[in-house]
Amino acid sequence: MKEIQGPGTGRRVLDLACGGGRHSRLLVDAGHRVLAVDRDVARVTALGRPPGLEILAFDLEGGQPWPFAAERFKGVVVTNYLYRPKLAAVLDLVAPGGLLIYETFGVGNAAFGRPSNPDYLVRPGEIADMARASGFSVAADSHIKIEIPRRAVVQRVMARKRAN
Numbered sequence: 000m001k002e003i004q005g006p007g008t009g010r011r012v013l014d015l016a017c018g019g020g021r022h023s024r025l026l027v028d029a030g031h032r033v034l035a036v037d038r039d040v041a042r043v044t045a046l047g048r049p050p051g052l053e054i055l056a057f058d059l060e061g062g063q064p065w066p067f068a069a070e071r072f073k074g075v076v077v078t079n080y081l082y083r084p085k086l087a088a089v090l091d092l093v094a095p096g097g098l099l100i101y102e103t104f105g106v107g108n109a110a111f112g113r114p115s116n117p118d119y120l121v122r123p124g125e126i127a128d129m130a131r132a133s134g135f136s137v138a139a140d141s142h143i144k145i146e147i148p149r150r151a152v153v154q155r156v157m158a159r160k161r162a163n
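With numbering that gives the first Met the number 0, letter number 59 in the sequence shown gets 58, and the count goes up by one each step, no holes.
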């Protein structure tokens, strides 16, 4: 999260499929303006409405145009979420010079439980390769087994979109 440049003014950070909002809270506490988006915002709403946090209830897979699609964000954070039909659109949301932080479940996770459906498990290098093809410089790309908070196989990618 420290890699997202410039707290406060300017472009916002998007926490996509924010769940309970733990990343939104970290980013707001660091001085960023954050748009937290999830289909069910009950848990993130429990954080209250600290200055700099905007919460949007929206079904990312519902087929409606994304209400924030015209905006470009200085950072986009996605954790534990994958919807391949919109992955290219997620990458497009990052402004030139902005940062993508993406962590989701990877192939091999079925050995530890859910998700086990291949539609929700990324292949090694899948997101990083797509980011490179979309004009990003990939700073980190790992496909690893973790033990905490629970055993899982995850893919972690951090990439900066090249400035024009």
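Built from N, CA and C at the ideal position, the CB exists for glycine as well. Remember, predicted model here, so these are calculated numbers, not experimental data.
Do you know whose CA, among the options, lies nearest residue i's CA?
{"i": "Val-106", "options": "Ala-45, Arg-122, Leu-15", "result": "Arg-122"}
{"i": "Ala-41", "options": "Ala-139, Ala-158, Gly-19, Asp-28", "result": "Gly-19"}
{"i": "Leu-34", "options": "Ala-45, Thr-44, Val-43, Arg-11", "result": "Arg-11"}
{"i": "Val-77", "options": "Asp-118, Met-157, Ala-162", "result": "Met-157"}
{"i": "Asn-108", "options": "Glu-53, Met-129, Ile-143, Ala-87", "result": "Ile-143"}
{"i": "Val-93", "options": "Glu-146, Gly-51, Val-152, Ala-130", "result": "Ala-130"}
{"i": "Ala-162", "options": "Ser-133, Thr-44, Asp-140, Arg-155", "result": "Ser-133"}
{"i": "Phe-164", "options": "Ile-145, Pro-50, Gly-47", "result": "Since the first residue shown for the chain is 0 and the last is 163, residue 164 is missing from the structure and cannot be characterised."}
{"i": "Asp-140", "options": "Ala-56, Arg-48, Gly-124, Val-152", "result": "Gly-124"}
{"i": "Ala-56", "options": "Pro-50, Gly-47, Pro-66", "result": "Pro-66"}
State the CB to CB distance for the pair residue i and residue j, rounded to an integer number of angstroms; the pair is presumed to be in contact (CB under 8 angstroms).
{"i": "Lys-160", "j": "Gly-96", "result": "6 angstroms"}
Residues in the same chain with beta-carbon distance under 6 angstroms from residue i, minus the five sequence neighbours each way, listed in chain order, please.
{"i": "Gln-4", "result": "Unreliable positioning characterises Gln-4 in this predicted model, as indicated by a pLDDT of 49, which lies under 50. A coordinate reading is not provided."}
{"i": "Tyr-119", "result": "Leu-81"}
{"i": "Glu-53", "result": "Leu-34"}
{"i": "Val-152", "result": "Gly-105, Gly-107, Asn-108, Lys-144"}
Can you have a look at residue i and say buried or exposed, based on whether 16 or more other CB atoms are within 10 angstroms of its CB?
{"i": "Ile-126", "result": "buried"}
{"i": "Ser-136", "result": "exposed"}
{"i": "Ser-115", "result": "exposed"}
{"i": "Gln-16", "result": "For the record, residue 16 in the displayed sequence is Ala; it is not Gln. Counting Cβ neighbours within 10 Å, Ala-16 comes out buried, since at least 16 surround it."}
{"i": "Gln-63", "result": "exposed"}
What are the residues that DSSP puts in a beta bridge with residue i?
{"i": "Ile-145", "result": "Ala-151"}
{"i": "Phe-104", "result": "Val-153"}
{"i": "Ile-54", "result": "Ala-35"}
{"i": "Thr-78", "result": "Glu-102"}
{"i": "Val-174", "result": "Past the boundaries of the shown model lies residue 174; the chain is included only from 0 to 163, so the question cannot be answered."}
{"i": "Phe-111", "result": "Beta-bridge pairing links Phe-111 to no other residue."}
{"i": "Ala-139", "result": "Met-157"}
Here's a check: name, in chain order, each residue in its chain whose Cβ is nearer than 7 angstroms to the Cβ of residue i, leaving out the five neighbours to either side.
{"i": "Lys-85", "result": "Leu-59"}
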